Every structure is written in structure tokens, then in C-alpha cells.
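Each residue of the sequence shown is one higher than the one before, starting from 1 at the first, in the working numbering. Scroll down for the structure; my scribbles are underneath it.
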Amino acid sequence: MFKPEFSYTHTIVKNLMDIEGAKEVIKNSPILPIWESRLQKDALIRQAHHTTRIEGTQLTIEQVRDLIDDKPVVARKRDIQEVRNYLKVAAFIDEVYADPDMELDLRTIRHIHYLILDGIEGGYEPGEFRKIQNYVVDNKTKEVIYTPPPASEVPILMLELVDWLRSNEASELSPLLKAGIAHYQLVTIHPFLDGNGRTARALANLILYHSGYDIKKLFSLEEHYDMNPADYYEALQSVRATGILTTWLEYFTVGIAAEMQKIKELVLTHSRDRALRDKIGQIALSERQLTILTYVEKHGRITNRELQQLADLSHTSAHKELLTLVQNGLLNKKGEGRGTYYVRVDDF
């Protein structure tokens, strides 16, 4: 029987409170659908980039963006396939998370794994539990740093995990802790030959989304792991030494709290002025013009030269874009000649 052990430390409690506070702000700060869509796309790009880069893919974030936009990308075939597979996983989570009858069962977990490794060469048996022993190896030293349970124990261990996820004990926990525990336990069982980390991270996202923490689909916890992978693996290893999940849950909730704070600031930036939102909503704007307005929101002003660099435009093209926004009443022109700059209109 799987029974996770941990303590509610000051760090965990503070993180949970910070997350709930940020969640309420985000929930009650409406933003324009077109901006929300762009932010969601950026979050998806970050998710796909970082969750695969942790595992060794070498695509840049711009190449991931190009893949999502169906543009050609020159890179290793496996790297491209792994990112495309993650996009399928994200689409699957999007499809099922809002269903109140969704089951967190073995079939769901195996399907996520199938999507992650579908079409990847190497005989990894997508969606199938491993039948042989596997090992976690340090990428640099190539030393074995963790030996998962024997293959013969995997089915019962996974069944125990799923039973716990559907138990009263789990339902009484914060979904944030439930997701963190599921993430840790799946990685610890290491039920598949490959793709265990990606499956665990996707499972955690599914649990969070299903429990009301989709947060407008704007967050990328994967970025937190990838920015400091040594901390990620160290937090996982800390539990294996003691069997106590406290350190891991501190790390896990710190990551969510940091990401939520970032999202809160983004959302507040884009919803700060209702009059501005209403006015923009009445005007058909191009992606480039929205980029200009977002830049002005962030920096307070923009010049022709800054726009040339931002959007790779000529002086004339940049001037036309800025003039259009002035004519639509969204920007004001200040100064003359080389001292000219543009600011948002404050008196709607």
C-alpha cells in the first residue's frame, strides 16, 4: 500500500498560500482573448521546449515555436519527434482535464506515455510497462545514481499509486501536493523504459488542471525544472534517502509559486486598464501591432529604432506601423525628429 509521508513545513504552507493568492488575482483579472491566446501559446512553447530539453533534446525555443507554427525546422529527427509528441500530450490533457468523470487510472497514464514515445526509434514500447531492469544514470559521469524497483514489481506499484490518487486521503490533500506526490512516485517507480520524467510531469499537469489549477493554461512548471536541473534531481534524490517527501514538496511548491507570481504579473500587465482593453477590442490589430502595444505596456514607450530591432523592419515600415496605432488612438507621438517616441494613450 502506497502511503506518502511528509510534514507541513513553513515553506510548504507559505508556498500554498502564495499560490492560492496568485490564483485568485489571475482568475479575477480578465484580459483580451487575443492576448490570452498569445500567452497560452507562449506557455505551450515553453512547456514543450523545457520538458524535452531536460531529457536531452537540443532544439532552441524558436525552433519549437516554428514547429508549432508548422514551419520547417532543421534538427535531429528524434528531437523534432519528441517535441511533436509532447504537443500531442498537451492536446490530450486539454481534451480531458475538464471532464468531471475523468479517471486518473493506469489506462490514462499509459496513454500519456504512448503519446510521448510514439514514433521514437529505440524499441521503447510506448504505453507498455518495462519488462527488464532499468537504471537512472548521471548524464555527465554516466554513473548509476538510482536503481528503480524490479520490473516484476512495476504493475502492483503503479496500481497502488493509482489507488492512492483516487483515495479519500488524496482527495483531502491540496491538489498541489497531490500532483507533486504523483510526480515523485511515478519517477521513482520508473515504470517505462524511457520517457518517465516527461510522463510524470504531464501527469502532474493533468492533476493540477483537473483540480482547477489550469490557471488559464498560462503556466510552464517545466521551465522551473529545466532552469536548474541539478536542483530538480537533487530534490528527487533527497526522498530516496529517507522516504520522506517533505524536501521534494518544498521544491515542487516553490516552483509553482514562482511560476504563478510570474503569470500574475503578466496578467496584471495585460488587464491593467479596462478602457484600453475595450478600445483595443474594437479595433482589428495585427500580431505585430499587438507586439508593439505589449512592448509599450512593459517599457512605457517605444521608438522607431526600437521597433526596427524588435520586428526586423525598415525605418519606413516601422513608421507606418506606429502611425497606424496613433491614428487608431492607441498611441501618442511625443517629441520631434530623432527624439520622437511613442507612449500609450492615457485619456480614453
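Where a beta carbon is used, it is the ideal one built from N, C-alpha and C, also for glycine. All of these numbers come straight from a predicted model, not from anything done at the bench.
Item	Value
Where P148 and R240 are concerned, what is the direct C-alpha to C-alpha distance, given to the nearest angstrom?	10 Å
Would you report the Cα separation of Y342 and V326, rounded to the nearest angstrom?	9 Å
Using a Cβ-Cβ cut-off of 7 Å (strictly less than) and excluding sequence neighbours within five positions of A200, which residues of its own chain qualify?	H183, L186, V187
For V162, count the other beta carbons within 10 Å of its own beta carbon; 16 or more makes it buried, fewer makes it exposed. Which is it?	buried
Report the three-state DSSP secondary structure of L59 (helix, strand or coil).	coil
Spell out a yes or no on whether the region 6 to 16 and the region 238 to 254 are touching, meaning 3 or more CB-CB pairs, one atom from each, closer than 8 Å.	yes
In terms of residues, what are the limits of the alpha helix (DSSP H) holding L177?	175 to 189
Could you tell me the alpha carbon to alpha carbon distance between L165 and I263, rounded to whole angstroms?	28 Å
CA-CA distance, I120 and N304?	47 Å
Please report the straight-line C-alpha distance between T350 and G122, rounded to a whole angstrom.	Residue 350 lies beyond the range of the chain shown here (1 to 348); nothing can be said about it.
If you check the beta carbons only, do H50 and Y209 fall under 9 Å apart?	no
Roughly how many angstroms separate the alpha carbons of E336 and E321, rounded to a whole number?	17 Å
With H, G and I counted as helix, E and B as strand and the rest as coil, what does DSSP make of I302?	strand
For the beta strand (DSSP E) that contains K14, what are its first and last residues?	Looking at the DSSP string, K14 is not in any beta strand (DSSP E); the run it does join, the alpha helix (DSSP H), is 10 to 27.
Entirely within the region 113 to 171 and at least 3 residues each: give me those beta strand (DSSP E) ranges in chain order.	144 to 146
Among all the DSSP beta bridges, which residues are the ones paired with K88?	For K88, which the question treats as bridged, DSSP gives no partner whatsoever.
Note the first and the last residue of the continuous beta strand (DSSP E) segment covering Y213.	Element bounds for Y213: n/a, residue is neither H nor E.
According to DSSP, which residues form a beta bridge with E5?	I244
Here's the rule I'm using: 16 or more other beta-carbon atoms within 10 Å means buried, otherwise exposed. How should S220 be labelled?	buried
I believe L157 touches I189 by the beta-carbon criterion, under 8 Å. Please report the beta-carbon distance rounded to the nearest angstrom.	5 Å
For the beta strand (DSSP E) that R368 lies in, which residues bound it at each end?	Residue 368 lies beyond the residue range present for the chain, which begins at 1 and ends at 348; the question has no answer from this structure.
Find the nearest neighbour of L115 within the set D69, A43, Q63, P126, judged by alpha-carbon distance.	P126
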